[in-house]
Amino acid sequence: SQTIHQWPATLVQPVGSPLSLECTVEGTSNPNLYWYRQAAGRGLQLLFYSVGIGQISSEVPQNLSASRPQDRQFILSSKKLLLSDSGFYLCAWRSGGAPTQYFGPGTRLTVL
Amino acid sequence: AQSVTQLGSHVSVSEGALVLLRCNYSSSVPPYLFWYVQYPNQGLQLLLKYTTGATLVKGINGFEAEFKKSETSFHLTKPSAHMSDAAEYFCAVSDILTGGGNKLTFGTGTQLKVEL
Chain A
1 SQTIHQWPAT LVQPVGSPLS LECTVEGTSN PNLYWYRQAA GRGLQLLFYS
51 VGIGQISSEV PQNLSASRPQ DRQFILSSKK LLLSDSGFYL CAWRSGGAPT
101 QYFGPGTRLT VL
Chain B
113 AQSVTQLGSH VSVSEGALVL LRCNYSSSVP PYLFWYVQYP NQGLQLLLKY
163 TTGATLVKGI NGFEAEFKKS ETSFHLTKPS AHMSDAAEYF CAVSDILTGG
213 GNKLTFGTGT QLKVEL
């Protein structure tokens, strides 16, 4: 069966510091991968998605970037965090031929 | 672009009572529709989905939803609420991305409270 991992589970970072969040999927190959952010009062927002290694598409221009160095690894990064980057970050995967997305456990990021 | 409207950001029911969470969507093509549940500080868990075929779909934990094309609705129901059902529920519609793959457009969520 497929599983999706995210780490860290929680993170507290100062403004201006870098960020790296990691997501890995097991039990499938060539998944579509997604990063969402859930901020208070703003619902779920798609940030990035990837249909293959090295292929990244951005939905919302912002202070963040994403990379996919391996087939089942998706990384969310920032060079300098802003207060507005605080939120709950969710990674999701989808099998190429099916519409359903499956979510990871999330990372709670607090920028102080 | 697709959109989803969830009526009622907060719903409160008594334990054992019917749960009804409303979802309406707009879509220019036959939609794929989903309900997810989120417990505090956890990821989203798939409750059920409609893709094609039978319009009444059953999911986990006794939940079901009916796709009504004429009403552009996909309301979530459960005959008898349990305390463990207290969570936030999200309705979503699938859309196609220009770069390939699909995208889920979510409603703003409904917080379900179950009271004794």
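Protein sequences appear in the order of chains A and B.
The first sequence: position 65 = 65 (our numbering), numbered continuously.
Start counting at 1 in the second sequence, then tack on 112, and there's your number in our numbering.
Idealized CB from N, CA, C, for every residue including glycine.
Under 7 Å Cβ-Cβ, which residues of chain B neighbour residue i?
| i | result |
| --- | --- |
| A:Phe103 | Gly155 and Leu156 |
| A:Thr47 | Before going on, a small fix: residue 47 of chain A reads as Leu here, not Thr. What A:Leu47 touches in chain B: nothing, since even the nearest Cβ is about 11 Å away. |
| A:Pro99 | Tyr144, Thr163, Ser206 and Asn214 |
| A:Arg108 | Asn153 |
Please list, in chain order, the chain A residues whose beta carbon lies closer than 8 Å to that of residue i.
| i | result |
| --- | --- |
| B:Phe175 | Ordered by position in chain A, no residue passes the 8 Å Cβ test against B:Phe175, which lies about 16 Å from the chain. |
| B:Phe202 | Leu44 |
| B:Phe218 | Gly43 and Leu44 |
Going by CA-CA distance only, name the one from the options that's closest to residue i.
| i | options | result |
| --- | --- | --- |
| A:Ala98 | A:Thr10, A:Val51, A:Gln13 and A:Leu19 | A:Val51 |
| B:Ser126 | B:Phe202, B:Asp197 and B:Thr222 | B:Asp197 |
| B:Leu156 | B:Thr163, B:Phe146 and B:Gly165 | B:Phe146 |
| A:Gly106 | A:Gln2, A:Ser1 and A:Cys23 | A:Cys23 |
| B:Ser185 | B:Lys170, B:His194 and B:Tyr162 | B:Tyr162 |
| B:Ala199 | B:Ala177, B:Tyr144 and B:Asn173 | B:Asn173 |
| A:Leu21 | A:Pro8, A:Thr28, A:Gly27 and A:Ser29 | A:Pro8 |
Since residue i meets chain A, which of its residues come closer than 9 Å, beta carbon to beta carbon?
| i | result |
| --- | --- |
| B:Lys181 | The contacting residues do not exist; B:Lys181 stays about 17 Å from chain A at best. |
Beta-carbon within less than 6 Å of residue i's beta-carbon, same chain only, minus the 5 sequence neighbours each way: which residues are those?
| i | result |
| --- | --- |
| B:Gln114 | Ser139, Val205, Asp207 and Thr217 |
| A:Tyr49 | Tyr34 and Ser57 |
| A:Ser67 | Ile75 |
| B:Arg134 | Leu119 and His187 |
Give me the DSSP bridge partner(s) of residue i.
| i | result |
| --- | --- |
| B:Thr163 | Answer is none; B:Thr163 lacks a bridge partner. |
| A:Glu26 | A:Thr3 |
| A:Val15 | DSSP lists no partner for A:Val15. |
| A:Leu82 | The partner list for A:Leu82 (beta bridge, DSSP) is empty, contrary to what the question assumes. |
| A:Gly43 | A:Ala39 |
For a contact meaning CB atoms closer than 7 Å, what does residue i contact in chain A?
| i | result |
| --- | --- |
| B:Gly221 | Gly43 |
Would you mind telling me which residues of chain B sit closer than 8 Å to residue i, beta carbon to beta carbon, in chain order?
| i | result |
| --- | --- |
| A:Leu90 | Gly155 and Leu156 |
If contacts are defined as beta-carbon pairs under 8 Å, then residue i and residue j qualify, I think. What distance do you get, rounded to the angstrom?
| i | j | result |
| --- | --- | --- |
| A:Phe103 | A:Leu90 | 5 Å |
| B:Val116 | B:Cys203 | 5 Å |
With a CB to CB cut of under 7 Å and the five nearest residues on each side skipped, what residues in its chain are close to residue i?
| i | result |
| --- | --- |
| A:Leu81 | Gln13, Val15, Gly16, Ser17, Leu19 and Val111 |
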